[in-house]
Amino acid sequence: MLGLEFQRASALFLLALPLVLWLLARRPRPPHERATGTLDIWREVLERSAARPTTRGRGVPPGLYALFLGLALGALALAGPRTHREAAPEWRVVLDTRASMYLPWREEAQSAGEDRRIDVALRAAREWIDGPALWTRFDGAHWESVRGLEPPPDWLRATNRTTTAMPWSEVDRADALWVTDRAPESREASWCASGGAHVDGIVGRVDGRLVELRDGARIELGAASPVRLVLDASLPRELRGLSEAWARERGIELVASGADLRVGSGASREGARVVLGDGWQLSGAAAQEPAGEVLWRDREGAAALATRTGQLQ
Numbered sequence: 001m002l003g004l005e006f007q008r009a010s011a012l013f014l015l016a017l018p019l020v021l022w023l024l025a026r027r028p029r030p031p032h033e034r035a036t037g038t039l040d041i042w043r044e045v046l047e048r049s050a051a052r053p054t055t056r057g058r059g060v061p062p063g064l065y066a067l068f069l070g071l072a073l074g075a076l077a078l079a080g081p082r083t084h085r086e087a088a089p090e091w092r093v094v095l096d097t098r099a100s101m102y103l104p105w106r107e108e109a110q111s112a113g114e115d116r117r118i119d120v121a122l123r124a125a126r127e128w129i130d131g132p133a134l135w136t137r138f139d140g141a142h143w144e145s146v147r148g149l150e151p152p153p154d155w156l157r158a159t160n161r162t163t164t165a166m167p168w169s170e171v172d173r174a175d176a177l178w179v180t181d182r183a184p185e186s187r188e189a190s191w192c193a194s195g196g197a198h199v200d201g202i203v204g205r206v207d208g209r210l211v212e213l214r215d216g217a218r219i220e221l222g223a224a225s226p227v228r229l230v231l232d233a234s235l236p237r238e239l240r241g242l243s244e245a246w247a248r249e250r251g252i253e254l255v256a257s258g259a260d261l262r263v264g265s266g267a268s269r270e271g272a273r274v275v276l277g278d279g280w281q282l283s284g285a286a287a288q289e290p291a292g293e294v295l296w297r298d299r300e301g302a303a304a305l306a307t308r309t310g311q312l313q
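Counting along the sequence shown from 1, when you hit position 30 you're at 30 in our numbering, and nothing is skipped either side.
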């Protein structure tokens with residue numbers, strides 16, 4: 001957007017000078033008195049006149065108008081007018097450089113020149129970036145930032161990947177644009193995700209608009225709508241309470257049917273198993289091997305918790 005500004009705005013007061021001179025040139029003046037020696041004749045003329053003006057206006061010579069215009073233009077020139085373009089808001093582009101970002105975007109990719117998740121996510125982000133941005137990455141210990149039109153080439157190499165989790169909450173701000181491969185949880189930041197193999201569903205949110213990746217096609221969904229959740233009756237009481245608390249915290253609506261997400265459980269015939277983690281353990285019956293992505297396995301390698309589109313098993 002273009003605008004007009006003045007380097008020396010105080011010089012605009014000089015625009016009053018042509019106005020003052022014009023008013024002085026237009027001020028009324030009394031009629032000239034002149035002795036003619038024929039007083040009686042002029043007295044008779046005045047007595048026959050219907051009106052007797054005591055003053056009269058004075059016309060402004062055309063040359064003075066040219067002078068007034070020159071003074072006004074000179075005052076504007078002294079003020080130093082110039083146009084400027086309002087800068088677009090600068091994005092703080094947070095680049096996810098974890099190992100998954102360097103995987104091929106398509107599972108069947110064969111050649112080294114195929115798009116990676118980081119390449120696809122960057123292309124989506126560039127649609128929203130107008131001009132230089134503050135490119136930011138987390139190297140595992142601290143944040144690095146570089147201002148420019150493109151991120152440093154080294155950041156796009158798999159050899160420089162980050163091996164730790166991304167502390168997204170530290171850069172959750174209104175001017176942040178996260179570039180990642182799956183939908184993160186943010187309160188203020190916008191994000192563009194590439195999706196890819198085993199990553200379906202919502203892959204972008206910028207300025208309140210959602211983008212869904214479905215069968216390789218990008219679909220804009222408009223404003224975000226609440227997610228609906230169904231909890232199966234087979235869920236244990238503890239898991240049901242945990243799921244309800246998780247849903248309330250994220251504004252997810254609990255419904256009886258027609259849900260976007262379903263949480264259920266299933267048992268195998270092999271009896272109870274124990275799943276161990278970092279400082280915790282979970283005792284329960286292992287489900288049959290699911291078709292989705294397995295998150296937790298027990299000691300023997302059987303699936304204990306798995307996810308796929310719209311389901312948690």
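The beta-carbon is built from N, C-alpha and C at its ideal position, and this holds for glycine as well. Please read these numbers as outputs of a predicted model, since none were measured by experiment.
By Cβ distance, which residues of its chain are closer than 8 Å to P167, with the 5 residues on each side in sequence left out?
Sequence index remark: in the sequence shown, residue 167 carries index 167 (1-based). Cβ neighbours of P167 beyond the five flanking positions: F138.
Are A247 and L229 close, meaning C-beta to C-beta below 7 Å?
For the purposes of this step, residue 247 is taken as residue 247 along the sequence shown, with counting starting at 1. For the purposes of this step, residue 229 is taken as residue 229 along the sequence shown, with counting starting at 1. Yes, the Cβ-Cβ distance between A247 and L229 is below 7 Å.
Whole-number beta carbon distance between D115 and W178, since they are thought to touch under 8 Å:
Here the question's residue 178 lines up with position 178 in the sequence shown. Here the question's residue 115 lines up with position 115 in the sequence shown. Not really, about 19 Å apart at Cβ, beyond 8 Å.
Nearest candidate by alpha-carbon position, reference P104, set V94, R26 and D119:
The residue labelled residue 104 in the question sits at position 104 within the sequence shown. The shortest C-alpha separation from P104 is found at D119.
Go ahead and pull the three-state DSSP assignment for E5.
Translated into positions along the sequence shown, residue 5 becomes position 5. If DSSP states are grouped into helix, strand and coil, E5 belongs with the strands.
Alpha carbon to alpha carbon, what distance is there between V94 and T164?
On the sequence shown, residue 164 is found 164 positions in, with the first residue counted as 1. On the sequence shown, residue 94 is found 94 positions in, with the first residue counted as 1. The alpha-carbon atoms of T164 and V94 are separated by roughly 15 Å.
Run through DSSP, which three-state label would G148 get?
The residue given as residue 148 occupies position 148 in the sequence shown. Strand, per DSSP.
Can you list, in chain order, the stretches of the beta strand (DSSP E) that have 3 or more residues and sit fully within the stretch 115-149?
133-138 and 143-148
Find the nearest neighbour of L76 within the set L14, A176, S186 and S243, judged by alpha-carbon distance.
The residue labelled residue 76 in the question sits at position 76 within the sequence shown. Out of L14, A176, S186 and S243, L14 has the C-alpha closest to the C-alpha of L76.
Check T163 in the structure and name its three-state DSSP category.
The residue given as residue 163 occupies position 163 in the sequence shown. If DSSP states are grouped into helix, strand and coil, T163 belongs with coil.
In DSSP terms, what V179 is bridged to:
Translated into the one-based positions of the sequence shown, residue 179 becomes position 179. For V179, which the question treats as bridged, DSSP gives the partners L95 and C192.
Going along the chain, which residues of its own chain have a beta-carbon closer than 6 Å to the beta-carbon of N160, five neighbours each way excluded?
For the purposes of this step, residue 160 is identified with residue 160 of the sequence shown, where counting begins at 1. So the list reads D154, once near-sequence residues are dropped.
Identify the continuous beta strand (DSSP E) that holds V263 and give its terminal residues.
Taking the sequence shown and counting its residues from 1, one reaches residue 263 at position 263. Run containing V263: L261 to V263, per the beta strand (DSSP E) assignment.
Which residue's Cα is closest to the Cα of E170: A193, Q7, R157 and A141?
Within the sequence shown, residue 170 is the residue found at index 170, counting from 1. Taking only the C-alpha atoms, the option nearest E170 is A141.
Which residue marks the beginning of the alpha helix (DSSP H) containing L64, and which one marks its end?
Taking the first residue of the sequence shown as position 1, residue 64 is located at position 64. Note, L64: alpha helix (DSSP H), P62 to A79.
When the Cα atoms are used, what is the spatial distance from S183 to A193?
The residue labelled residue 183 in the question sits at position 183 within the sequence shown. The residue labelled residue 193 in the question sits at position 193 within the sequence shown. The residue you asked about is not Ser; residue 183 is Ala in the sequence shown. Each residue's alpha carbon lies about 6 Å from the other.
Would you check if the distance between the CB atom of W191 and the CB atom of A133 is smaller than 7 Å?
Numbered from 1 along the sequence shown, position 191 holds the residue referred to as residue 191. Numbered from 1 along the sequence shown, position 133 holds the residue referred to as residue 133. Taking 7 Å as the Cβ cut-off, W191 and A133 do not qualify as a contacting pair.
Per DSSP, which one or two residues make a beta bridge with P104?
Your numbering for residue 104 matches position 104 in the sequence shown. Per DSSP, R116.
Alpha-carbon to alpha-carbon, P152 and S100:
As a position in the sequence shown, residue 100 is number 100, starting the count at 1. As a position in the sequence shown, residue 152 is number 152, starting the count at 1. In a straight line, the C-alpha of S100 is about 19 Å away from that of P152.
R228 - containing beta strand (DSSP E), residue span:
Taking the sequence shown and counting its residues from 1, one reaches residue 228 at position 228. Run containing R228: R228 to L231, per the beta strand (DSSP E) assignment.
Residue environment, W135, which counts as buried when at least 16 other CB atoms sit within 10 Å:
For this step, residue 135 is matched to residue 135 along the sequence shown. Classification of W135: buried, given that the 10 Å Cβ count is 16 or more.
Can you say whether A181 is buried or exposed, counting buried as having 16 or more other CB atoms within 10 angstroms of its CB?
Position 181 of the sequence shown, counted from the first residue, corresponds to residue 181. According to the sequence as given, residue 181 is Asp; it is not Ala. Buried is the call here.
Span separating the alpha-carbon of E44 from that of L17
Translated into positions along the sequence shown, residue 44 becomes position 44. Translated into positions along the sequence shown, residue 17 becomes position 17. Going by the C-alpha atoms only, they are around 45 Å apart.
Roughly how many angstroms separate the alpha carbons of F6 and A66, rounded to a whole number?
Here residue 6 is taken as the residue at index 6 of the sequence shown, counted from 1. Here residue 66 is taken as the residue at index 66 of the sequence shown, counted from 1. Approximately 24 Å, taken between the alpha carbons.
DSSP puts R82 in a beta bridge; with which residues?
Position 82 of the sequence shown, counted from the first residue, corresponds to residue 82. Partner(s): E5.
Name the two residues that bound the continuous alpha helix (DSSP H) containing A16.
Here residue 16 corresponds to residue number 16 of the sequence shown, with the count starting at 1. That run of the alpha helix (DSSP H) goes A16 to R26.
Can you tell me whether E185 is helix, strand or coil according to DSSP?
On the sequence shown, position 185 is the one that residue 185 refers to. Correct three-state label for E185: coil.
Residues that DSSP places opposite L254 in a beta bridge
Translated into positions along the sequence shown, residue 254 becomes position 254. Bridge partners of L254: L229.
Cut-off 8 Å between Cβ atoms - residues of its own chain near R82, not counting five sequence neighbours on either side:
As a working mapping, residue 82 is identified with position 82 in the sequence shown. Excluding positions up to five away in sequence, the list reads L4, E5, F6 and Q7.
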